[in-house]
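Protein chains: 2
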Amino acid sequence: MVRKERARRAGSIETGVWLRLLSCTNIILRHLRRNLKDAFALTMPRFDLLAQVARPPLGPSLGELSRKLLVTKGNITDIVARLEAVELIERRRDDADGRIQYVFLTSSGRKLLDEILPVHDKWLKDLMQELSRDELETLYDALGVLKAALKRMDQRVTEPELALEGEEGEAGMRVSR
Amino acid sequence: MVRKERARRAGSIETGVWLRLLSCTNIILRHLRRNLKDAFALTMPRFDLLAQVARPPLGPSLGELSRKLLVTKGNITDIVARLEAVELIERRRDDADGRIQYVFLTSSGRKLLDEILPVHDKWLKDLMQELSRDELETLYDALGVLKAALKRMDQRVTEPELALEGEEGEAGMRVSR
DNA sequence: CGCCGATTGTTCAAACTTGAACTTTATAGG
DNA sequence: CCTATAAAGTTCAAGTTTGAACAATCGGCG
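Going down the list, the sequences are from chains A and B.
Counting in our numbering, the first sequence runs from 1 upward without gaps.
Counting in our numbering, the second sequence runs from 1001 upward without gaps.
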């Protein structure tokens, strides 16, 4: 049922996909940020972290949060400290391994998040209300395919021990990490 | 050819779409940022602004850049100043309207961008190399539908004079601007 | 002309983010 | 036990970003 547009496009289709991805993400981000601030006095990174802490597995470590949220460890340290300061989360050190700290919601953190999640869901529904069920599913599936492919490429690039060594290192694909 | 998954999903499909959108964007952003830095000593916002200046219409104003890039005016002021300081762009005041400044690439800005664009395109192709032509087109079209819908919702919310007034203003959909 | 409201861009504090260097702790191998 | 290496968090400077207040300019209208 979906007719493919054959419109003129600047650059490759991959670039086209990327530009649209970025636009959509930024538009939604702007709305959610404004809504979170107005309704709950929360910033997006704080909400993201809270929501991630609430998701299983229970009590993620700072490093796990860093990987799940796709931000650096230094960033996590900062956000966790701020959320801890307002008592929405708390940390517990690992009994066996002194390096590790796990993060948990406090009761007020839990309460706040339980308020936010349904509203957050409604905001997204409102934003996408013009899309049909079918369009949403197509989009969901297509993004699933992309995400899976990206994750594989991501590993290939950030896990040196498999490839590397023989590569020429052509402009740009160098990665330190 | 695309079978719809009926997988368990946390929350609504809209939220599912949003989470995948965000993941994909962040993974790609991370790669591009690293590559831009390694290969061209450029940050993402600076590249974004350069690329937007290069796109027609020629010589966009700061306000136009702010709208196109979906960031605030204050941000544009900052990035433009930094790019101007390293002489990749330059400004010209409007002859008739003293408030407006147009931005142009300098010759070295043009040269740099001409180097980057093909490589940037290749980075994206590499990242998405596992996707078939068909998957890419499906994704491109689906994102087009979403983007169009979001833009309409965006206007509805940021242009007060049309709707507003009678609305209940239920938790969160308040928008100040 | 002179005022009012709208538009364009600037400024600034607070927050977020990265990337790299660093500290602390754990683990594996001599 | 000792040492090297790795892993988990922290720190910090530089940059980005927002949002709000502000200054400057323009346009219309009396």
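The C-beta atom is built at its ideal place from N, Cα and C for all residues, glycine as well.
Just so it is clear, the structure is predicted and the values come from calculations on it, not from any experiment.
CB contact check: residue i to chain B, cutoff 7 Å
{"i": "Glu84 of chain A", "result": "no"}
{"i": "Leu65 of chain A", "result": "no"}
{"i": "Ala142 of chain A", "result": "yes"}
{"i": "Met44 of chain A", "result": "no"}
{"i": "Leu146 of chain A", "result": "yes"}
{"i": "Ala171 of chain A", "result": "Here Ala171 of chain A scores only 31 on pLDDT, less than 50, and its place in the model should not be relied on; the value that follows carries that caveat. Taking Cβ atoms only, chain B reaches closer than 7 Å to Ala171 of chain A, which makes this a yes."}
{"i": "Ala51 of chain A", "result": "no"}
{"i": "Ser107 of chain A", "result": "no"}
{"i": "Leu139 of chain A", "result": "yes"}
{"i": "Lys73 of chain A", "result": "no"}
{"i": "Glu14 of chain A", "result": "yes"}
{"i": "Ser132 of chain A", "result": "no"}
{"i": "Asp78 of chain A", "result": "no"}
{"i": "Glu135 of chain A", "result": "yes"}
{"i": "Lys211 of chain A", "result": "One cannot answer for residue 211 of chain A here, as it falls past the ends of chain A, which runs 1 to 177."}
{"i": "Lys125 of chain A", "result": "yes"}
Beta carbon proximity, residue i to chain A, threshold 7 Å
{"i": "Asp1121 of chain B", "result": "yes"}
{"i": "Gly1061 of chain B", "result": "Rather than Gly, the amino acid found at residue 1061 of chain B in this sequence is Ser. So, not an interface residue."}
{"i": "Asn1026 of chain B", "result": "yes"}
{"i": "Asp1114 of chain B", "result": "no"}
{"i": "Ala1054 of chain B", "result": "no"}
{"i": "Val1103 of chain B", "result": "no"}
{"i": "Asp1097 of chain B", "result": "no"}
{"i": "Val1017 of chain B", "result": "yes"}
{"i": "Arg1020 of chain B", "result": "yes"}
{"i": "Asp1094 of chain B", "result": "no"}
{"i": "Ala1149 of chain B", "result": "yes"}
{"i": "Glu1167 of chain B", "result": "Its pLDDT being 36, under 50, Glu1167 of chain B is placed unreliably in this model, and the coordinates cannot settle the point."}
Cβ neighbour criterion (16 or more within 10 Å) applied to residue i
{"i": "Gly63 of chain A", "result": "exposed"}
{"i": "Gly98 of chain A", "result": "exposed"}
{"i": "Glu1087 of chain B", "result": "exposed"}
{"i": "Leu1050 of chain B", "result": "buried"}
{"i": "Pro60 of chain A", "result": "buried"}
{"i": "Arg1020 of chain B", "result": "buried"}
{"i": "Ala85 of chain A", "result": "exposed"}
{"i": "Gly16 of chain A", "result": "buried"}
{"i": "Gly1074 of chain B", "result": "exposed"}
{"i": "Ala1081 of chain B", "result": "exposed"}
{"i": "Asp179 of chain A", "result": "A query on residue 179 of chain A cannot be resolved here, the shown segment of chain A reaching from 1 to 177 and no further."}
{"i": "Arg1174 of chain B", "result": "In this prediction, Arg1174 of chain B has a pLDDT of 27, which is less than 50 and means its spatial position is unreliable; nothing more can be read from the coordinates."}
{"i": "Leu974 of chain B", "result": "Shown here, chain B extends from 1001 to 1177; a query on residue 974 of chain B therefore has no answer."}
{"i": "Leu105 of chain A", "result": "buried"}
{"i": "Leu1058 of chain B", "result": "exposed"}
Top-ranked residue by Cα proximity to residue i, from the options
{"i": "Ile1079 of chain B", "options": "B:Ala1054, B:Leu1113 and B:Asp1048", "result": "B:Asp1048"}
{"i": "Thr72 of chain A", "options": "B:Ile1027, B:Leu1021, B:Ala1054 and B:Thr1077", "result": "B:Ile1027"}
{"i": "Leu1042 of chain B", "options": "B:Ser1066, B:Asp1095 and B:Leu1083", "result": "B:Leu1083"}
{"i": "Ala1035 of chain B", "options": "B:Arg1156, B:Ser1107, B:Leu1127 and B:Lys1068", "result": "The identity of residue 1035 of chain B in the sequence shown is Asn, whereas the question assumes Ala. Comparing Cα positions, the closest option is B:Leu1127."}
{"i": "Phe40 of chain A", "options": "A:Lys151, A:Met153, A:Val119 and A:Leu22", "result": "A:Val119"}
{"i": "Asp154 of chain A", "options": "B:Pro1056, B:Arg1030, B:Arg1092 and B:Thr1106", "result": "B:Arg1030"}
{"i": "Arg46 of chain A", "options": "A:Leu113, A:Lys151, A:Arg152 and A:Leu136", "result": "A:Leu113"}
{"i": "Arg156 of chain A", "options": "B:Leu1136, B:Arg1152 and B:Gln1129", "result": "B:Gln1129"}
{"i": "Ser1108 of chain B", "options": "B:Pro1056, B:Leu1022, B:Glu1090 and B:Met1044", "result": "B:Glu1090"}
Cβ distance (whole Å) where residue i is taken to contact residue j below 8 Å
{"i": "Ala1149 of chain B", "j": "Leu131 of chain A", "result": "6 Å"}
{"i": "Cys24 of chain A", "j": "Lys1147 of chain B", "result": "5 Å"}
{"i": "Asp121 of chain A", "j": "Gly1011 of chain B", "result": "6 Å"}
{"i": "Trp18 of chain A", "j": "Leu1069 of chain B", "result": "Wrong, their Cβ atoms sit about 14 Å apart, outside the cutoff."}
{"i": "Thr1138 of chain B", "j": "Thr77 of chain A", "result": "Actually they are not in contact, since the Cβ atoms of Thr1138 of chain B and Thr77 of chain A sit about 40 Å apart, beyond 8 Å."}
{"i": "Val103 of chain A", "j": "Val53 of chain A", "result": "5 Å"}
{"i": "Leu136 of chain A", "j": "Glu1014 of chain B", "result": "7 Å"}
Near the ligand MG: residue i beta-carbon under 6 Å from a heavy atom
{"i": "Arg1093 of chain B", "result": "You won't find the ligand MG in this model; it holds no ligand whatsoever."}
Problem - Entirely enclosed beta strand (DSSP E) segments - the stretch 1038 to 1107 of chain B, minimum 3 residues - result: 1089 to 1093 and 1101 to 1105
Handout entry: Length at least 4, wholly inside the stretch 1104 to 1131 of chain B: the alpha helix (DSSP H) runs in chain order
Key = 1107 to 1127
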